[in-house]
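Quick note on numbering: the sequence shown equals residues -30 to -1, 1 to 382 in mature numbering (1 follows the signal peptide of the UniProt record, and there is no 0). Beta carbons are placed, not taken as given, at the ideal position from N, Cα and C, and that holds for glycine.
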Amino acid sequence: MKSSSGLKRWVCAHLVAACLLTVIAGTCEAADKGNAEPFRIGVIVDMSGVYSGIGGAGGVAAVKLAAQDFGGTVLGRPIEILSADYQNKVDVTATKVRYWYDQDDVQAVLESTDSASALALQKLGVEKRKITIFAGSATTELTGKQCSPYGVHYVYDTYALANGTARALMQAGYKRWFFLTADYAFGNSLQSQATRVVQTMGGDVVGSVKHPLSASDFASYLMQAQASKAQVVGLADAGRDTQNAVKQAAEFGLSRNNVVVAPLLIFDSDLKGMELKTAQGLQFTTAFYWDHDDQTRAFAKKFYAVTGKMPTMVQAGMYSATMHYLSAVRSSGTADSDKVMAKMRATPINDFFAKDGRIEANGLMVHNMYLAEAKKPSESKGEWDLLKIRSVIPKDEAFEPLAESGCSLVRK
């Protein structure tokens, strides 16, 4: 039997050993966490071109903000956001994202690109079994004939944009249309969708003209529109092209001749860029406005603190989509794309961006859209007080019915 002093020495020795083991274990655990491979998400956007104000650096900031608000980790791994400028080039887009998948083990990609680049990303996502979330591109082909089990079209598409604006103007009696269209996949799709609405509702398309990306002089196009005696000039373009077209239409005095200029895709950043004295009265369809309710204002305040700007619908959608994706990864307990996609489809989206939004079998995220109007300068109470919501377009009216999408993933 140990003496009292011997017993004390024995207890102390074991306590010291236990403490050392605890310290070592804690150090190893911390080291394991510190050495965990990052969980990488890629963000590819236009950083300096015609669409830079739509997604751009603000889109990257939105995804980073979502990762931060999510807690910074998922599946025990630190979340890392990679970003790149796609330079309005399909080959640059595909090359960069393929490198991310092959070399950086990127798990998912969010984009704000053009339609051709988005379709290239869709094919690459299928090849690599990686989830791609489309926030800026608009072509319905992403959820139509070129749909993918790994693609999510989150913010808007040409059907929803044209359906909202063209239907509202047709109901107001504006039945003769002329289209000024960007000559690439997005513009052609947007014109096609708006034409469908106009003709279905008994209107006429009296003419159209195509312009190249990043056009600066719209004079000859607007003269053709004016000569057509159209009641509406539909702008099937985006970004700075839309801004330039609206500005020059105002200089031509189209509104004084009772011709409505109808941008089929426009952002609050565009309204700010051209100023309300030019933009006032424009009617358009949007998926989000920062000043719509308390939830949108709370997100906008947080976004503004990081970027110094209010979020566009693309940037807001990128935040929402990132949170939805990361939540699905956490709930699934895996990064496996099939399991994560199943969870994303099964889980309704309820946040500042969407109320009871849902991801359909073809990858389309269906949610309410809004018919909006640019304010008069006298109505604006601040730098970013740019528009008013005129009405809500219910989600099942806003987007194309699933059965009509042409997607092979939809059960007949």
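One or two residues paired with residue i in a DSSP bridge
i	result
His123	Phe104, Leu334
Leu80	Val13, Ile103
Trp70	Partner(s): none; Trp70 has no beta bridge.
Thr317	DSSP output for Thr317 lists no bridge partner at all.
Phe149	Ser178, Gly204
Thr113	Thr113 is not bridged to any residue.
Thr43	Pro48
Three-way DSSP call (helix, strand, coil) for residue i in this model
i	result
Tyr340	strand
Gly278	coil
Ser118	coil
residue 448	Missing from the structure shown is residue 448; the chain here goes from -30 to 382 and no further.
Gln57	coil
Gln218	helix
His262	coil
Met244	helix
Asp75	coil
Val198	With the sequence shown as reference, residue 198 is identified as Ser, and Val is not the correct amino acid for it. Coil, per DSSP.
Asp187	coil
Val62	helix
Pro347	helix
Phe237	coil
Ile(-7)	A caution first: Ile(-7) carries a pLDDT of 43, below 50, which makes its placement in the model unreliable, though a value can still be read off. DSSP places Ile(-7) in helix when its eight states are reduced to three.
Phe322	coil
Gly134	helix
Val33	helix
Gln250	coil
Gly209	helix
Tyr129	helix
Gly23	coil
Gly28	helix
Boundaries (first-last residue) of the alpha helix (DSSP H) holding residue i
i	result
Val229	Val229 -> no alpha helix (DSSP H), and no H or E assigned at all.
Val380	Segment: none, Val380 is in no alpha helix (DSSP H) and carries neither H nor E.
residue 383	With the chain represented from -30 up to 382, any question about residue 383 goes unanswered, as that position is not in the structure.
Met283	283 to 302
Asp306	Careful: Asp306 lies outside any alpha helix (DSSP H) and carries neither H nor E.
Asp366	365 to 368
Val167	155 to 170
Tyr144	Unbroken run through Tyr144: none, as it is neither H nor E.
Glu7	Looking at the DSSP string, Glu7 is not in any alpha helix (DSSP H), and its letter there is neither H nor E.
Gln92	85 to 98
Boundaries (first-last residue) of the beta strand (DSSP E) holding residue i
i	result
Asp205	Here residue 205 is Leu; the residue named in the question, Asp, does not match the sequence. Start and end: 202 to 206.
residue 413	Here the chain covers residues -30 to 382 and nothing more, so residue 413 does not appear.
Asp174	174 to 181
Residue i classed as buried or exposed, judged by whether at least 16 other C-beta atoms fall within 10 angstroms
i	result
Lys100	buried
Arg10	buried
Ser87	buried
Arg210	buried
Ser378	exposed
Lys313	buried
Ala324	buried
Asn320	exposed
Asn332	buried
Pro281	buried
Ser107	buried
Gln265	exposed
Lys279	buried
Ala316	exposed
Gly352	exposed
Ile363	buried
Gly327	buried
CB contact below 8 Å: residue i versus chain C
i	result
Gly29	Absent from the structure is chain C; it holds one protein chain and no more.
Near the ligand FMN: residue i beta-carbon under 7 Å from a heavy atom
i	result
Lys34	Although the ligand FMN was asked about, the structure shown includes no ligands whatsoever.
Given 8 Å, three or more beta-carbon pairs between the region 257 to 264 and the region 331 to 347:
yes
May I ask you to verify whether the region 115 to 130 touches the region 169 to 188, counting CB pairs closer than 8 Å and requiring at least 3?
no
Measuring CB atoms only, is the region 157 to 171 touching the region 192 to 201, in the sense that at least three cross pairs come out at less than 8 Å?
no
Taking three-plus beta-carbon pairs below 8 Å as touching, is the region 128 to 136 in contact with the region 218 to 234?
yes
Taking contact to mean 3 or more Cβ pairs, one atom from each stretch, closer than 8 Å, check whether the region 57 to 67 and the region 23 to 40 are in contact.
no
On the three-pair Cβ rule with 8 Å, is the region 287 to 305 touching the region 148 to 166?
no
Is the region 65 to 74 in contact with the region 142 to 161, if contact means three or more CB pairs nearer than 8 Å?
no
Is it the case that the region 214 to 222 contacts the region 183 to 194, given that we only count it when at least three CB pairs across the two stretches are under 8 Å?
yes
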